[in-house]
Structure formats: structure tokens, C-alpha cells
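Residue numbers (our numbering): 13 to 144. A virtual CB, placed ideally from N, CA and C, is assigned to each residue, including glycine. Predicted, not measured: the structure shown is a model, and the values here were computed from it.
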Amino acid sequence: LDHAQCGMDAMQSVGYLIRSIKIILGTWNDGCVDGQVCAINILNIIACFSWMAQFTAALATDCTLTYNQRGMCAADVSEMVAVVTCLAAYFIVIDVDCEASTPGNDVTATKVIAVEQGKGYRRLSNGEEEEA
């Protein structure tokens, strides 16, 4: 199973690198029109790089026959940064996503809450879509 874990660490590290690049390009193309969406994207970029660092650091132990305490410490710290950063992004997105669905709340705002990359439209808080 050690070899499987080594392979998974490498695959996850590369996956988070690709995801980081995709979010960076999407944020760049969107131009950070909406401050909340921009903040969520930036926090997700930081989290992705932290996850990538966590899995890369775990390679130091998972791909060798010896335990590397420094590598595992780096993996733990990187994972903690990723989790805290993701929580911050979730607190922002929950506020945006749940605002219009609160009982008795007649919100008709057209705040941009998500940009579907490569699809050419934005999802608005009132449930409608517009061209990006």
C-alpha cells in the first residue's frame, strides 16, 4: 500500500497544480468584477497551492522506506493552511448562496456569485444567468 500512497500523493499534487492554474486563468479572464467572487477565487488559489504543498511534502515519507519527520511536519502545516483558507472561502460563499433562500427574504439582487469557466455565462444570486 505504500506504493499506492506514493502514487496518490503525486497524482493529487499534480491535480491541485492544474486546478490552481485553472482558477488563476478564470480569475484573470473575469477581471475580478465582483469583490466576493474574487475573494473566493483568491482563497481557493491559496488553498490549492497549500494542498499541492501538502501532498508534495508527503512524498518524502510515502515514496521512501524511511519515515521523514520534517516532510510530515511540512505536510501537516500545509494541510492546516489549506483547511483554514478553504473555511474562509466557504464562509463567504455560504453568505452569498444562502442569502436569497432565507424564508421571508425577497431578494432580487443580481450579484454575480459564480463564473462558469469556458461556458460564457455567470450565475446570479436571483437564479438567472447572464453572458460573461
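(request) Give the straight-line distance between the Cα atoms of residue 53 and residue 72, rounded to the nearest whole angstrom. (result) Between residue 53 and residue 72, the C-alpha separation is close to 30 Å.
(message) So, for residue 118: in the same chain, excluding its five sequence neighbours on each side, which residues have a beta-carbon less than 7 Å away from its beta-carbon?
(response) Residue confidence for residue 118 is low, a pLDDT of 48 falling below 50, so the modelled location carries little weight; the figure read from the coordinates is stated next. Cβ within range, chain order: n/a, list empty.
(message) For residue 8 and residue 47, what's the separation of their Cα atoms in angstroms?
(response) Residue 8 lies beyond the range of the chain shown here (13 to 144); nothing can be said about it.
(message) Whole angstroms are fine: how far does the CA of residue 75 sit from the CA of residue 14?
(response) Cα to Cα, residue 14 sits roughly 7 Å from residue 75.
(request) Could you work out which residue in 51, 109 and 18 is closest to residue 101 when comparing CA atoms only? (result) Ranking the options by Cα distance to residue 101, first place goes to 51.
(request) Please confirm whether residue 28 and residue 84 have their CB atoms less than 8 Å apart. (result) No, Cβ-Cβ distance for residue 28 and residue 84 is not below 8 Å.
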